Structure formats: C-alpha cells, structure tokens
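Take the sequence shown: its position 47, counting from 1, is numbered 34 in this note's numbering, and each next residue is one higher.
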Amino acid sequence: MNSSSSEDNLSTSAGIRWQATDWMRWTLRYDEAFRAPTAYELYIQGTHFNYGAPGWDNSFVANPDLAPEKAENIELKLDLAFNNLIAKDSLNISAAAFQNDVEDFIYLDVDTNAEFGPPPACNCVTGTSTHKNARDAELWGYEIEALYQVGAFNALLSYGQTRGTHKTTVSTGTTQDHLRSMPADKWVADFSYGFWNIDTKVGSRILAAEKQDRVEEGESTYDNYTLVDFYATWEPSSVALEGLKLDFVVANAFDQNYQQAWSEVAEPGRSARIAAQYSF
C-alpha cells in the first residue's frame, strides 16, 4: 500500500496479486485519486467551432469555480499466458473490469441549442461550451485483449467499453442519466510482421468504433466508423546506427469520413507522417 498527500488531499493505493497457476494470475486493486482542474479547463475562452457561417460560432466560456475531482477505483484483472500451442508460439490474454466513483467529475458541456439568423440583426446566441462538475458520477466497464505471437508474426485483438452516469450537475442541479464524454465501444486489431534481416517491421492497425447513442434526449448520436492504418518501423541493429528509429505511418488510409463521439467536427482524412528518434 502507498499514499501521497498534497495540501489537504490524500491518495491511497492497495493491491493484491495471486499467481493461481503457471498460466493464470489474478490482480485486485483499489486506488484513490485527486485531480485539480487544469488551467485549460478553468479559463479556456474563444471559438470552439463554427456552424458554417460567419458569426455562427460556438464559444468556450471560462469556469473558474470548477472543483477538483476525487475518485475511488476498484479493478479486477485476469492474465492468462499459454506457450507452444501449435508451434513455438505464445498466446497472452488479459481481461479487466473496473468501477470508478468520482466526486465532481469534470466534463465539457456543449450547448448546441443555437438561435440562427443573419447576424448581426438577430443578435444571435449560437451556443456555448463550458467545463462543469458532475455530482455522484459513476464509471464502469471492461477491457479484454489477446496477443498471439509466432516467429516474427504478431496479432493483437482488443475490445473495450466504458459506461458513465451521474445524478446532478453542480451548475444546474438537473437530473441526467448519461455522463458526457464517455467514448464509443471500440474494437482494435493489429497485425505486424518483422523482416529482421533488414531491421524492419510492417503492420496494419484496424479500429472499429461502434455507434455512440448513449446521449441525453434531443442530443445527436454519433455513427459507427472503421479506420485502417498502415505502418512501418526501421530500427537498425548496426553499431554505427545504434539508437536510431524511424517510423512511417499512413493514417486513415482509406480516407474515412468520421466523427468521434462528443466531437462537434469531423476528424482529418488520410494523412502520412514520418518520425525519427535517436537515443544515446
């Protein structure tokens, strides 16, 4: 067990691990956390996004009265490890379930109940975005991941979902069922192969986000989408280039038009990037 304090807050962590067999391990954890609001959450101002015409903007409104978050989290995790299933291979599976009770959870409240008309004649109010606190927030969910390795080939598959509810907001006192900012349920598949004779690994990552329709009555839902990335990594093993690493990624390779849950604008289309890293 360990704890740390800062001014008048105390965070405590405790955990127990049980190695049931050579291939099965259980872990139970309890954690407390304290998070003060960031300067961004407290004081952000300016335009959040535009509705498509000059003057029709959704604007950030500062909230210097935000309270800090205090959280209590319980997580149960299972790890399974198998070797030599059908060859010199390995299969690792992990599954975790969690419940997180948060006091004064900080979320971004986007009000899109805009009044439209040709500015400035209508003196339009075109929506605001403000960081607020939610009382009695509860988050729960689970994640599962499987990694299979044989030779230079790796295959990873994972799935995760998070749910969240809260009873009232500090600012309005109104009852709400669904907690804003909860991500959509996601599947991720990653396949890679290492060509070690040329110090290179190539692969593809597929992300499938399910429809996010856990919203308040009258709010927009967010459609499902699937993204495909291709990547390559070159990490030379020669002494002369030791410490160098080059990464090349083609993100959203099929130029999918999509919008992440709780985002008010579409995400970028296809892009390519290269990154270099040198460690010494």
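Even glycine gets a Cβ: it sits at the ideal position worked out from N, Cα and C. Just so it is clear, the structure is predicted and the values come from calculations on it, not from any experiment.
| Item | Value |
| --- | --- |
| Quick one: measure Cβ to Cβ for L126 and L63, integer angstroms, because I've assumed they're closer than 8 Å. | Not a contact, Cβ separation roughly 15 Å. |
| Could you give the distance in angstroms between the alpha-carbon of V89 and the alpha-carbon of I185? | 50 Å |
| Rounded to whole angstroms, what's the CA-CA distance from H118 to E254? Just pull it up for me. | 22 Å |
| To the nearest angstrom, how far is the alpha carbon of S225 from that of D242? | 37 Å |
| According to the neighbour-count rule (16 or more other Cβ atoms, all chains shown, within 10 Å of its Cβ), is N244 buried or exposed? | exposed |
| In whole angstroms, give me the CA-to-CA distance for S116 and N141. | 43 Å |
| Which same chain residues, not among the five before or five after S219, have their C-beta less than 6 Å away from its C-beta? | Checking the displayed sequence, the identity of residue 219 turns out to be Ala instead of Ser. If we look at A219 and ignore the five residues flanking it on each side, its Cβ neighbours are V189, F235. |
| List the endpoints of the continuous alpha helix (DSSP H) containing A26. | 26 to 30 |
| Give the C-beta separation of L143 and H153 to the nearest angstrom, bearing in mind that I take them to be a contact with Cβ-Cβ under 8 Å. | Actually they do not touch by this definition, with Cβ atoms about 33 Å apart. |
| Under a Cβ-count criterion, where at least 16 other Cβ atoms within 10 Å of its own Cβ denotes burial, should Y94 be classed as buried or exposed? | buried |
| Using C-beta distances below 6 Å, list every residue in its chain close to A263, excluding the 5 sequence neighbours before and after it, in chain order. | L233 |
| Suppose you measure from the CA of A248 to the CA of N45; what does that come to, to the nearest Å? | 17 Å |
| Using DSSP's beta-bridge definition, name the partner residues of M11. | T8, L67 |
| Among residues of its own chain, excluding the 5 on either side of V252, which ones have a beta-carbon nearer than 6 Å to its beta-carbon? | F36 |
| Would you kindly check if the distance between the Cβ of A195 and the Cβ of T299 is under 8 Å? | This structure does not reach residue 299, given that the chain is present from -12 up to 267, and the question cannot be answered. |
| V48 by DSSP, collapsed to three states: which one? | coil |
| Reducing DSSP to helix, strand and coil, say where V202 ends up. | coil |
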